[in-house]
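**Student:**
Residue numbers (UniProt numbering): 1 to 248.
Shown next, in the form of structure tokens:
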């Protein structure tokens with residue numbers, strides 16, 4: 001009797017062992033299958049990624065500021081300036097047409113419509129000489145009315161390059177507003193309106209707020225310049241590489 005009982009216990013233990021081994025084997029097979037399926041999905045995704053021409057965009061917070069700083073340095077050195085703004089009393093201010101076109105509708109219009117404002121005799125002679133001798137793109141000359149003073153014109157130009165107007169105060173406000181209206185610069189008019197409201201309330205300017213505002217203004221201007229470039233406006237340089245042309 002004891003022998004039979006021992007045999008039954010032995011068989012039960014053996015069966016349990018077999019069931020355990022079978023369960024472990026099935027579990028292992030399932031885990032292996034899951035891993036294989038995961039790798040298959042990854043492989044498919046990788047294949048899709050490899051097939052698609054992916055574009056990575058990198059940007060820097062200081063890009064706009066650094067770009068306009070470089071443009072301002074070029075302007076200070078009278079390099080590549082192709083726009084002359086003149087007041088009635090003969091004062092002239094030189095700038096880059098694309099930079100001003102990014103903020104001024106008066107400058108933007110002749111660039112996009114390929115029509116130039118009226119030339120004076122001096123500019124006509126320069127145009128003819130350059131077209132004939134050097135084949136350089138004609139400069140744009142805009143003569144402004146008596147209502148525009150140099151202070152206002154300088155303020156608008158400073159805004160185009162820096163996104164701010166350092167000389168904007170009670171004394172210069174009206175002149176800057178007049179210049180902005182004449183040149184068609186709504187962002188300067190908006191800035192003047194905000195500053196005028198602060199002046200009436202006696203609120204002092206905060207340097208940090210002005211800095212942030214200037215950064216945003218330069219980003220907006222840079223977007224406008226990029227749009228002009230996409231439209232081929234102001235592109236006077238052509239680079240050819242491997243049969244492909246790049247305009248700038």
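Using N, Cα and C, we set each Cβ at its ideal position, and we do this for glycine too. This structure is a prediction, so every number in the text was calculated from the model and none was measured.
What number of angstroms, rounded off, separates the C-alpha of residue 174 from the C-alpha of residue 72?
**Tutor:** If you number the chain shown from 1, residue 174 lands on position 174. If you number the chain shown from 1, residue 72 lands on position 72. So the two alpha carbons sit approximately 25 Å from each other.
**Student:** Following the continuous alpha helix (DSSP H) through residue 97, name the residue where it begins and the one where it ends.
**Tutor:** Within the chain shown, numbered from 1, the residue matching residue 97 stands at position 97. Run containing residue 97: 97 to 101, per the alpha helix (DSSP H) assignment.
**Student:** DSSP three-state call for residue 165: helix, strand or coil?
**Tutor:** Working through the chain shown from its first residue, we reach residue 165 at position 165. Of the three classes helix, strand and coil, the one that applies to residue 165 here is coil, per DSSP.
**Student:** Please classify residue 92: does DSSP put it in a helix, a strand, or coil?
**Tutor:** Here residue 92 is taken as the residue at index 92 of the chain shown, counted from 1. Here residue 92 sits in strand by DSSP.
**Student:** Can you name, in chain order, every residue of its own chain whose Cβ lies under 6 Å from the Cβ of residue 139, other than the five neighbours on each side?
**Tutor:** Mapped onto the chain shown, residue 139 falls at position 139. Only 82 meet the Cβ criterion.
**Student:** Could you give the C-beta distance for residue 154 and residue 93, rounded to a whole number, given that I count them as a contact under 8 Å?
**Tutor:** To locate residue 154, count along the chain shown from 1; it is residue 154. To locate residue 93, count along the chain shown from 1; it is residue 93. Indeed they touch by this definition, with Cβ atoms about 7 Å apart.
**Student:** Does the stretch 224 to 235 come into contact with the stretch 179 to 188, if we say contact requires no fewer than three beta-carbon pairs (one atom in each stretch) closer than 8 Å?
**Tutor:** Touching, no, given that fewer than three Cβ pairs across the two stretches are closer than 8 Å.
**Student:** If we ignore side chains and look at the alpha-carbon of each, how far apart do residue 107 and residue 201 end up?
**Tutor:** Taking the chain shown and counting its residues from 1, the one referred to as residue 107 is at position 107. Taking the chain shown and counting its residues from 1, the one referred to as residue 201 is at position 201. The alpha-carbon atoms of residue 107 and residue 201 are separated by roughly 35 Å.
**Student:** Using DSSP with H/G/I as helix, E/B as strand and the rest coil, what is residue 185?
**Tutor:** Locating residue 185 in the chain shown gives position 185, counting from the first residue. Coil at residue 185, not helix or strand.
**Student:** Could you check if residue 149 is buried or exposed, using at least 16 other CB atoms within 10 Å of its CB as the buried criterion?
**Tutor:** Reading the chain shown from its first residue, position 149 is the one you call residue 149. The residue in question, residue 149, is buried, as its Cβ has 16 or more Cβ neighbours within 10 Å.
**Student:** Out of 178, 157 and 195, state which residue places its alpha-carbon closest to the alpha-carbon of residue 84.
**Tutor:** Counted from its first residue, the chain shown places residue 84 at position 84. Taking only the C-alpha atoms, the option nearest residue 84 is 157.
**Student:** Going by beta-carbon coordinates alone, are residue 224 and residue 102 separated by less than 7 Å?
**Tutor:** Here residue 224 is taken as the residue at index 224 of the chain shown, counted from 1. Here residue 102 is taken as the residue at index 102 of the chain shown, counted from 1. Result yes, Cβ atoms of residue 224 and residue 102 sit closer than 7 Å.
**Student:** Which one of 219, 228 and 195 has the shortest CA to CA distance from residue 61?
**Tutor:** Counting from one through the chain shown, the residue named residue 61 turns up at place 61. Closest option to residue 61, Cα to Cα, is 219.
**Student:** Nearest by alpha-carbon distance to residue 196: which of 186, 64, 177 and 214 is it?
**Tutor:** For the purposes of this step, residue 196 is identified with residue 196 of the chain shown, where counting begins at 1. Among 186, 64, 177 and 214, the Cα nearest to that of residue 196 belongs to 177.
**Student:** For residue 55 and residue 152, what's the separation of their Cα atoms in angstroms?
**Tutor:** On the chain shown, residue 55 is found 55 positions in, with the first residue counted as 1. On the chain shown, residue 152 is found 152 positions in, with the first residue counted as 1. Their Cα atoms are separated by approximately 44 Å.
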